[in-house]
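**Student:**
Residue numbers (the working numbering): 1 to 331.
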């Protein structure tokens with residue numbers, strides 16, 4: 001009887017993809033940080049050192065929390081890929097420049113610890129980690145998260161707050177140009193609409209984010225705001241107001257487009273973004289919160305698996321007509 005030596009051939013088992021174009025997580029993170037740089041500079045120009053303090057604390061706390069969790073979970077440290085820094089920076093963009101240091105650290109720790117590492121790490125979370133941390137501190141410390149109540153030494157106002165309590169006529173004199181330049185009270189980075197728009201277009205051109213999600217998200221905001229405005233123009237603001245206020249642009253390009261939380265085929269992506277943009281306006285118009293963008297993104301993150309079930313015909317196949325699927329034809 002002959003025996004074979006099973007040690008002659010060694011097979012390495014790994015997961016796909018086995019061939020790719022060379023794009024890495026680190027490169028995508030670098031492009032994202034480049035895209036966020038104009039908004040960072042605009043935030044510093046508007047709020048100065050307080051904005052720098054919040055952004056630095058959020059980034060360091062996010063990276064530190066990820067490192068501690070990976071050490072505890074015996075995973076390889078991955079702070080050099082930039083994903084934790086992006087999570088912390090996006091969280092800072094949703095905070096007022098007056099946020100106390102401990103609030104920033106708690107938010108960043110919740111974002112990384114609960115929003116990402118509790119699910120296994122980068123790519124395993126179902127809901128955007130940044131928004132998990134934001135929601136935790138927003139619900140727990142609403143007064144400190146309110147820029148109108150915490151930032152008193154400014155002449156800027158929150159246009160969404162004026163719309164909520166005084167109607168569309170109170171914000172009719174606000175120009176789109178002022179909104180693009182960030183002349184509004186809100187998150188220190190999310191209010192820099194023009195800079196975020198430039199950064200978002202850069203990411204689309206570089207292929208880092210899918211244009212289907214960003215465009216349909218803005219399109220859903222535009223269409224739903226237009227419909228409500230046509231119903232009652234004295235109560236509901238126009239579409240350009242909703243697109244230029246709050247965190248709409250930040251959500252469209254930087255939050256809703258996270259790969260692990262969004263579908264990957266064209267039709268599901270379009271429906272995903274369209275639903276998110278519609279929810280932004282509906283929450284603002286009929287909900288109790290002034291800005292519905294963060295909540296809208298979290299809701300469509302939870303709906304992403306449902307959208308992913310929508311399947312198109314495989315490439316190269318021809319749909320069969322009714323009556324011919326079993327080889328028979330109708331008389």
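Note that the Cβ used here is the ideal one computed from N, Cα and C, for glycine as well. Since this is a predicted model, take the numbers as computed values, not measurements.
Give every residue of the same chain whose Cβ lies closer than 7 Å to the Cβ of residue 181, excluding the five residues on either side of it in the sequence, and list them in chain order.
**Tutor:** By one-based count along the chain shown, residue 181 stands at place 181. Excluding residues within five positions, the ones whose Cβ falls inside 7 Å are 194.
**Student:** What separation, rounded to the nearest whole angstrom, lies between the Cα atoms of residue 183 and residue 68?
**Tutor:** To locate residue 183, count along the chain shown from 1; it is residue 183. To locate residue 68, count along the chain shown from 1; it is residue 68. Approximately 39 Å, taken between the alpha carbons.
**Student:** Tell me whether the segment 121-139 and the segment 162-179 touch, counting them as touching only if at least three CB pairs, one residue from each stretch, are closer than 8 Å.
**Tutor:** Counting Cβ pairs under 8 Å, fewer than three are found: no touch.
**Student:** Going by DSSP in three states, residue 153 sits in which element: helix, strand or coil?
**Tutor:** As a working mapping, residue 153 is identified with position 153 in the chain shown. Reduced to three states, the DSSP call for residue 153 is coil.
**Student:** Any contact between the segment 96-115 and the segment 49-64? By contact I mean 3 or more CB pairs, one from each, below 8 Å.
**Tutor:** Yes: the two stretches touch, three or more of their Cβ pairs being nearer than 8 Å.
**Student:** Taking the CB atoms as reference points, tell me whether residue 272 and residue 213 lie closer together than 8 Å.
**Tutor:** By 1-based counting over the chain shown, the position of residue 272 is 272. By 1-based counting over the chain shown, the position of residue 213 is 213. Yes, the pair counts as a contact, with Cβ atoms nearer than the cut-off.
**Student:** Among residues of its own chain, excluding the 5 on either side of residue 218, which ones have a beta-carbon nearer than 7 Å to its beta-carbon?
**Tutor:** Counted from its first residue, the chain shown places residue 218 at position 218. Cβ neighbours of residue 218 beyond the five flanking positions: 243, 252, 277.
**Student:** Which class does residue 158 belong to by DSSP, given the choice of helix, strand or coil?
**Tutor:** Numbered from 1 along the chain shown, position 158 holds the residue referred to as residue 158. DSSP places residue 158 in coil when its eight states are reduced to three.
**Student:** Between the C-alpha atoms of residue 238 and residue 311, what's the straight-line distance to the nearest angstrom?
**Tutor:** By 1-based counting over the chain shown, the position of residue 238 is 238. By 1-based counting over the chain shown, the position of residue 311 is 311. Straight-line Cα distance between these residues: approximately 35 Å.
**Student:** Buried or exposed: which applies to residue 26, given that a residue is buried once 16 or more other Cβ atoms fall within 10 Å of its Cβ?
**Tutor:** Translated into the one-based positions of the chain shown, residue 26 becomes position 26. It counts as exposed.
**Student:** Could you spell out the range, first to last residue, of the alpha helix (DSSP H) harbouring residue 92?
**Tutor:** Counting from one through the chain shown, the residue named residue 92 turns up at place 92. Residues 83-93.
**Student:** For residue 186 and residue 147, which I take to be in contact (beta-carbon distance under 8 Å), what is that distance rounded to the nearest angstrom?
**Tutor:** The sequence position of residue 186 within the chain shown is 186, counting from 1. The sequence position of residue 147 within the chain shown is 147, counting from 1. Right, their Cβ atoms sit about 6 Å apart.
**Student:** Where does residue 27 sit, in a helix, a strand or coil, going by DSSP?
**Tutor:** Locating residue 27 in the chain shown gives position 27, where the first residue counts as 1. Residue 27 falls in the helix class under three-state DSSP.
**Student:** Buried or exposed, going by whether 16 or more other CB atoms sit within 10 Å of the CB of residue 209?
**Tutor:** Taking the chain shown and counting its residues from 1, one reaches residue 209 at position 209. Label assigned to residue 209: buried.
**Student:** Assign residue 73 to buried or exposed, taking buried as 16 or more other Cβ atoms, counted over all protein chains shown, within 10 Å of its Cβ.
**Tutor:** Locating residue 73 in the chain shown gives position 73, where the first residue counts as 1. So residue 73 counts as exposed.
**Student:** With DSSP collapsed to three states, give me the class of residue 242.
**Tutor:** Taking the first residue of the chain shown as position 1, residue 242 is located at position 242. Three-state result, residue 242: helix.
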